[in-house]
Each structure stands twice: as structure tokens, then as C-alpha cells.
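Have a look at the structure below, then the notes.
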């Protein structure tokens with residue numbers, strides 16, 4: 001549980017600004033967690049990375065922070081991969097795209113939804129945490145973008161990235177490995193706690209629910225699901241998370257229809273019965289309600 005909280009708190013502490021070149025990054029331990037024989041989940045500081053290795057080249061999903069790139073590449077090589085040939089960003093946040101420039105300079109081909117490139121190329125400001133990020137250089141920008149979905153045929157599998165609108169942001173995609181039966185859900189899935197929803201950049205609770213429903217429709221009882229934050233998951237865990245989101249949406253929608261402000265809604269403690277299970281990650285429910293309320 002402590003590891004889960006630390007992993008997610010990095011979004012708040014350093015999420016949209018770079019880690020210092022020394023100090024913090026030197027202390028970060030990169031872990032490779034086997035998902036299948038060819039797929040790994042990489043943890044460190046920031047969003048969970050997906051790694052797919054094989055004879056067609058290394059395929060990476062997200063890349064955490066720039067100062068960690070060298071360690072991440074070393075971890076990839078330790079399990080038989082090589083410098084990433086392909087990278088796809090699940091969304092624009094800095095703890096998922098901070099390594100783009102390093103990888104792009106090294107020759108990695110970067111993919112994303114259209115809106116991810118837009119956010120990266122212009123910079124962003126996250127009002128909820130007073131976090132500003134400047135524009136990413138040309139080397140770190142996706143060179144291939146898509147509006148709905150895109151498919152890859154690599155390393156003996158068919159991989160589809162699917163855009164889900166107005167969920168965690170307005171540029172989210174989840175990645176489905178058909179043969180391996182593995183899904184990287186990006187930040188539409190915070191496994192075990194209330195998720196951050198970037199309402200400022202098009203996210204919404206209703207959109208998160210719709211996005212999770214699309215993942216659930218693909219998954220079966222054997223599907224392994226890499227969450228954007230938290231431990232490796234499965235369909236049952238995602239279904240419990242979906243239930244929590246649905247309860248929150250129903251109760252907050254009612255309060256909003258009654259004309260309650262975000263502060264009034266939080267003060268009413270409508271999620272008190274969910275707090276013990278879902279409130280030990282980034283937010284307690286009162287702060288979570290204040291952040292997401294305008295996007296309910």
C-alpha cells in the first residue's frame with residue numbers, strides 16, 4: 001500500500017515538471033514485472049510503463065520522467081529488449097511523456113492521439129495542482145497521430161490503441177494486445193484509489209466511466225490489465241473500480257442538480273462509505289470531489 005501511494009503521489013509532487021538531473025532520480029528504483037513472456041510492466045516514478053519485446057523491436061507504452069530514461073532503457077535490456085523502436089503515449093501528462101525527448105533523440109518513433117501532440121507542442125497548466133509545463137521540443141513530439149484508433153502488427157501479436165474521449169483527459173488511449181490478452185489502460189484506471197481527472201483538459205467522470213466500460217467489454221477473466229497507477233490488475237479489480245465510479249457519478253450528479261457547489265458537495269460527504277477502500281491513494285474524497293465536480 002505504501003508503494004502504491006508513493007507511486008501516485010509523484011504525479012502531484014513532480015508530475016508536470018521534470019525531476020532534477022541528480023538527487024531524486026538517483027534514488028528511484030526501476031522494477032520490471034513480468035506480465036507474459038514478452039510483456040512487462042515497468043514501475044519507477046510516475047505512470048506505469050508497458051513493455052513489449054520481440055524480434056520486430058521494442059514497443060514501449062509511456063516513459064515516465066526524463067532523468068529516468070537511462071535507467072528505464074537499462075531495465076529494458078535486462079529482460080532481453082533493446083532501445084525502444086516504437087513508443088506510444090496514452091496521454092500527455094509529464095509522468096507518462098517526460099522521457100519522450102530522450103527517446104526521440106535516440107531514434108524512437110513516437111505515436112499518440114492527436115490531442116496529445118497538441119498538448120505537448122503548446123505546453124499546459126494543470127489548475128488543480130498549480131502545475132505548469134512548457135512545450136516539448138520537436139524530438140519529443142509524436143510523429144504519427146490518430147483520431148480514433150491505430151493498429152500495430154509486431155512481435156507476433158496484433159496491438160490496437162483505442163481513443164476514449166473526455167475520460168482522464170481529452171486525449172486518452174488504451175492499448176490492447178489481442179493474442180497476449182493484455183490491456184494497458186493508461187490513467188483511465190487507477191487501481192485501488194480515486195483517480196485524478198484532468199477536467200481542465202477535457203476529462204470528466206462520465207467519460208471515465210464510458211472508457212472503463214470499453215475496457216471491460218474487451219476483457220475476460222484471464223485478461224491482465226496494466227493500470228496507469230497502482231498494481232497490475234485484472235477484470236474483477238477493474239469492475240470494482242467501475243462500480244465506485246458509478247456510485248460517485250450518481251451521487252454527485254444529484255448534488256449538482258440540486259445546485260450544490262463543489263465545496264458544499266464535498267462537505268455533504270456523499271462518498272463516506274467508500275473512503276476506507278478508495279481514499280488512501282492520492283486524495284481523500286472531499287478533495288477528489290472538489291477537483292472533479294465541474295466535470296461530473
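Numbering (this note's numbering), first residue to last: 1 to 296. Built from N, CA and C at the ideal position, the CB exists for glycine as well. Here the structure is a predicted model, which means the values were calculated and not measured.
C-alpha of residue 146 to C-alpha of residue 92: approximately 14 angstroms in a straight line. Nearest to residue 137 by alpha-carbon distance, out of 101, 130 and 125, is 101. The segment 214-228 and the segment 246-261 do not touch, with fewer than 3 CB-CB distances between them shorter than 8 angstroms. Per DSSP, residue 293 is not a residue of any alpha helix (DSSP H), being assigned neither H nor E.
Judged by beta-carbon spacing, residue 177 lies within the 7 angstroms limit of residue 159, meaning their Cβ atoms are closer than that value. The continuous stretches of beta strand (DSSP E) do not include residue 167, and DSSP gives it neither H nor E.
Counting every other CB atom within 10 Å of its CB across the protein chains shown gives residue 153 a total below 16, marking it as exposed. With a beta-carbon spacing of about 7 angstroms, residue 69 and residue 63 fall inside the 8 angstroms limit used to define contacts.
Note that the C-beta distance between residue 72 and residue 30 is below 7 angstroms.
Just so you know, the alpha carbons of residue 107 and residue 259 end up roughly 53 angstroms apart.
Residue pairing for residue 132: DSSP places it in a beta bridge opposite 125. By DSSP's assignment, residue 182 forms a beta bridge with 177 and 224. Contact annotation, residue 88 with residue 188: C-beta distance approximately 15 angstroms; criterion of less than 8 angstroms not satisfied.
Within the same chain, 100, 101 and 104 come within 6 angstroms of residue 140 by CB-CB distance, once the 5 residues on both sides are set aside.
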